[in-house]
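Undergrad:
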Amino acid sequence: MVSIQEVAIVTGAAGGLGRAIARKLASRGITILIADVQEERGQETAEAIKQDFGVESLFCKTDVTKEEDVKRMVQMAVERWGRVDWAANNAGMGEKLEDNEDEVTTEAFNKLYEVNQRGVWLCQKYEAEQMRKQQPRLANGTSPELGGVAQRGAIVNIASICGHVATGMPSYTASKHAILGITKIGGLFYGKHGIRCNSVSPGPILSDQYAEFKESFLDDPRFSEQAVGWSNRCPLKRPSTCEEQANVVSFLLSGESSFVNCSDIRVDGGLTSVADR
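Counting from 1, position 97 in the sequence shown corresponds to residue 161 in my numbering; the numbering is continuous, with no gaps.
(1) Could you name the residues of the same chain whose beta carbon sits closer than 8 angstroms to that of A110, not counting the 5 residues immediately before and after it, in chain order?
(2) Following the continuous alpha helix (DSSP H) through D332, name the residue where it begins and the one where it ends.
(3) Which value, in whole angstroms, describes the spacing of the CA atoms of E131 and L300?
(4) What are the boundary residues of the alpha helix (DSSP H) that includes L89?
(5) If you measure from the beta carbon of R105 to each beta carbon in chain C, is any gap under 9 angstroms?
(6) Do A310 and S265 have their beta-carbon atoms positioned less than 9 angstroms apart in this structure?
(7) Can you tell me whether R147 is helix, strand or coil according to DSSP?
(8) Expressed to the nearest angstrom, what Euclidean distance is found between the alpha-carbon atoms of Q198 and R302?
(9) Distance, Cα to Cα, G217 vs G258?
(10) On a CA-only basis, which of E320, I113, W185 is nearest A214? Give me that one, please.
(11) Can the beta-carbon of C298 be found closer than 9 angstroms to that of D328?
(12) Got a sec, what are the start and stop residues for the alpha helix (DSSP H) C124 sits in?
(13) Using DSSP bridges, identify the partner residues of I246.
(14) Going by Cα to Cα distance, which pick from T247, L252, V229, I243 is closest to L335?
(15) Is T75 closer than 9 angstroms to N180 when the C-beta atoms are compared?
(16) Comparing C-alpha positions only, which one of C187, V142, V119, G106 sits nearest to D133?
(17) Pick out the complete alpha helix (DSSP H) segments inside the segment 163-187, 4 residues or longer, and give them in chain order.
(18) Under the rule that 16 or more other beta-carbon atoms within 10 Å means buried, what is K240, buried or exposed?
(19) Count the other CB atoms, across all protein chains shown, that sit within 10 Å of the CB of L317; report buried if there are 16 or more and exposed otherwise.
Now the structure itself:
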């Protein structure tokens with residue numbers, strides 16, 4: 065076992081937002097466990113982090129819908145580094161736009177539920193279980209003199225603005241609403257142990273995952289109309305970058321947010337805070 069100052073697990077980190085979160089944390093000197101079902105891209109991300117930031121990074125092939133995979137993910141971090149300080153649960157999947165909920169099959173709903181809802185719950189459960197065993201300590205870059213508070217760990221779950229409004233993606237919307245509840249319950253139950261649970265709700269993001277999604281449904285005018293509509297309604301008149309989202313995740317995990325718990329931050333450029341005009 066190697067002695068490391070702080071350790072973070074990032075799920076869905078082979079690309080897109082997860083990769084940006086992992087790189088942001090690594091830039092702060094944090095050791096990273098990359099967890100994803102995509103083995104080749106996950107290995108590449110771990111290697112790039114080691115080369116670019118000089119920190120330790122390992123890849124763990126993980127299907128977050130499988131309880132044993134999630135347990136093994138946490139155990140790998142503990143066996144290598146002795147603890148888990150931070151966790152960003154980003155693994156998830158999207159959904160094709162539908163005209164009404166009757167078009168959604170039970171099979172499609174269950175598949176999305178397994179990843180977005182159950183997957184986040186399993187990760188939070190076993191990450192917090194490990195954190196409870198650890199001695200509290202000050203987060204990197206904080207001190208009692210500067211108001212730093214010792215904690216056992218912090219967890220951020222990636223939700224969506226679709227967790228705050230109704231959209232043309234019924235199953236996805238339901239799953240993201242559920243993540244907000246999972247996060248608040250986590251913060252309630254684990255807070256007394258010095259473990260904070262928060263979530264981030266991104267608006268539209270420019271990422272490789274977004275590009276793949278857009279390409280898949282390029283012939284669907286509903287997708288283009290919704291994407292353009294979101295962009296036009298956003299006060300900043302643009303989608304965010306993955307790095308802008310990762311900055312907020314990093315803040316919520318760090319000691320700088322030591323009194324933020326059971327909370328969600330909408331990183332949507334103000335999109336869900338304004339009326340159509």
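No residue lacks a Cβ here, since even glycine has one placed at the ideal position from N, Cα and C.
TA: Once the coordinates are examined:
(1) I96, I98, S121, L122, F123
(2) Per DSSP, D332 belongs to no alpha helix (DSSP H) and is neither H nor E.
(3) 40 angstroms
(4) Where L89 is concerned, the enclosing alpha helix (DSSP H) stretches over 80-91.
(5) Looking at the structure shown, chain C is missing, and only one protein chain is on hand.
(6) no
(7) coil
(8) 42 angstroms
(9) 7 angstroms
(10) E320
(11) no
(12) Residue range 121-125 is occupied by the beta strand (DSSP E) that includes C124, with no alpha helix (DSSP H) assigned at that position.
(13) Within the DSSP bridge table, the entry for I246 names no partner.
(14) V229
(15) In this structure, N180 keeps its C-beta atom at 9 angstroms or more from the C-beta atom of T75.
(16) C187
(17) 170-176
(18) buried
(19) buried
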